[in-house]
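Heads up: the sequence shown is residues 6 to 305, going by the working numbering. Ideal Cβ placement from N, Cα and C applies to all residues, glycine included. As the structure is a prediction and not an experimental result, all values here were calculated from the model.
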Amino acid sequence: MPDARTHRNAVLQALLVTFLWATSWVLIKVGLRTIPALSFAGMRYALAALALLPLALRPEHRRAMRRLGPGDWARLGVLGVVYYAVTQGAQFLALNYLPAAALSLMLSLSAVLVSVLGSAWLGEPPTARQWLGLAVFLAGALVFLLPLPSGGQQAVGLLIGVLAMVANAASSLLGRDVNRRQVLRPLPVTATTMALGAVLLLGAGSQTGGFPRLDLGEWGIIIWLALVNTALAFTLWNHTLRTLSAMESTLINNTMLIQVPVLAWVFLGEALAAREVAGLLLAAVGIALVQLRGAPASQP
Numbered sequence: 006m007p008d009a010r011t012h013r014n015a016v017l018q019a020l021l022v023t024f025l026w027a028t029s030w031v032l033i034k035v036g037l038r039t040i041p042a043l044s045f046a047g048m049r050y051a052l053a054a055l056a057l058l059p060l061a062l063r064p065e066h067r068r069a070m071r072r073l074g075p076g077d078w079a080r081l082g083v084l085g086v087v088y089y090a091v092t093q094g095a096q097f098l099a100l101n102y103l104p105a106a107a108l109s110l111m112l113s114l115s116a117v118l119v120s121v122l123g124s125a126w127l128g129e130p131p132t133a134r135q136w137l138g139l140a141v142f143l144a145g146a147l148v149f150l151l152p153l154p155s156g157g158q159q160a161v162g163l164l165i166g167v168l169a170m171v172a173n174a175a176s177s178l179l180g181r182d183v184n185r186r187q188v189l190r191p192l193p194v195t196a197t198t199m200a201l202g203a204v205l206l207l208g209a210g211s212q213t214g215g216f217p218r219l220d221l222g223e224w225g226i227i228i229w230l231a232l233v234n235t236a237l238a239f240t241l242w243n244h245t246l247r248t249l250s251a252m253e254s255t256l257i258n259n260t261m262l263i264q265v266p267v268l269a270w271v272f273l274g275e276a277l278a279a280r281e282v283a284g285l286l287l288a289a290v291g292i293a294l295v296q297l298r299g300a301p302a303s304q305p
């Protein structure tokens with residue numbers, strides 16, 4: 006069982022990771038002013054994959070990769086397409102049209118769906134509390150989002166956001182399936198699927214917005230997102246999971262639902278009405294009800 010200092014450090018590190026992830030939304034919105042969405046996403050994840058590959062290709066990981074069968078590679082390929090090419094590509098596109106807080110809330114629904122559907126998929130029927138949490142989350146989302154736009158750019162953004170949400174939920178279930186098989190550790194799974202998704206995003210970007218000449222600030226955003234907010238943050242988050250319980254990790258991860266709108270308000274001027282703040286808080290309570298199970302009596 007970790008001592009108090011180790012546990013405190015893990016909590017602080019996990020909070021730092023969620024803060025880095027929350028700042029990604031602001032940096033993406035800033036970058037999208039001049040960088041085409043799919044090209045932007047492709048460059049971010051291509052650089053991040055390159056940063057992770059040296060760690061993913063250590064001898065023990067290479068030995069595990071050599072044991073993979075065609076079915077394993079097929080599952081990794083599908084995960085790379087769905088999570089990186091579709092989910093992340095749609096997220097970058099949606100941020101062209103929607104405020105960061107609105108899209109963050111929409112993507113949070115995928116976590117709720119995964120908790121409910123994943124429990125059923127794993128042979129653990131959702132509890133009454135989980136169904137209550139889903140209802141509370143949906144109520145909060147409706148309070149935040151209504152009235153829905155009937156046309157224009159925000160309507161386009163909502164449609165793309167729904168695609169991102171569904172793809173994110175599907176990729177989470179696919180990721181669970183891959184990790185349950187334990188054919189590879191999380192690091193090589195992430196590096197290989199990210200590399201595939203990045204190639205597809207770069208290809209799509211070359212056929213849509215192209216690759217504009219970037220200034221120093223734009224390169225700085227891409228490099229920071231790739232190396233710090235993706236490669237480093239992923240590695241640090243996995244390190245904290247060795248110490249934190251599932252409940253603690255879930256609670257800390259859910260703070261992003263509040264961090265994103267606060268950062269968007271401070272740095273992007275995306276102010277929220279009192280109704281929208283109430284909707285976010287209600288949705289956060291719903292997520293907690295869905296995702297958190299009773300705390301174990303003791304930690305190993």
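Item: N234 beta carbon less than 8 angstroms from that of T28; Value: yes
Item: Supposed contact pair A42 and N101 - C-beta distance, whole angstroms, cut 8 angstroms; Value: 6 angstroms
Item: Given L285 as reference, the closest of S120, A105, F45 once Cα atoms are compared; Value: A105
Item: Among G138, T213, A107, L17, nearest to V119 - alpha-carbon criterion; Value: G138
Item: Close-in-space but distant-in-sequence residues of the same chain around A46 (CB under 7 angstroms, 5 per side omitted); Value: Q93, G94, F97, L206
Item: Member of N173, R38, A238 whose CA lies at the smallest distance from the CA of L108; Value: N173
Item: Classification of P266 by the beta-carbon crowding that lies within 10 angstroms, buried from 16 upward; Value: buried
Item: The region 238-247 in contact with the region 14-32 per 3-pair CB rule at 8 angstroms; Value: yes
Item: Touching by the beta-carbon criterion (3+ pairs, under 8 angstroms), the region 210-223 and the region 73-86; Value: no
Item: Sequence-distant residues of the same chain with beta carbon closer than 6 angstroms to M111, five excluded per side; Value: G166, M170
Item: Euclidean distance between Cα positions of G214 and L37; Value: 11 angstroms
Item: Beta-carbon proximity check, W30 vs L268, cutoff 8 angstroms; Value: yes
Item: Rounded Cβ spacing between A51 and A196 (contact assumed at less than 8 angstroms); Value: Rounded, the Cβ-Cβ distance is 12 angstroms, inconsistent with contact.
Item: Same chain, Cβ closer than 8 angstroms to N184, neighbours up to 5 away in sequence not counted; Value: P191, V194
Item: CA nearest to the CA of I292, picked from R63, G74, Q135; Value: Q135
Item: R10 - DSSP class collapsed to helix/strand/coil; Value: helix
Item: Test item: CB-CB of A56 and A236 under 8 angstroms; Value: yes
Item: Exposure label - L32; buried when at least 16 CB within 10 Å; Value: buried
Item: Residue burial classification, V271 (beta-carbon count within 10 angstroms, cutoff 16); Value: exposed
Item: Cβ pair A283, V148 closer than 8 angstroms; Value: yes
Item: N- and C-terminal bounds of the alpha helix (DSSP H) containing I226; Value: 221-231
Item: Beta-carbon separation (whole angstroms), T198 vs G85, contact threshold 8 angstroms; Value: 4 angstroms
Item: Residues of its chain near G162, where Cβ-Cβ distance is below 6 angstroms and the 5 sequence neighbours each way are ignored; Value: A99, Y102, L103
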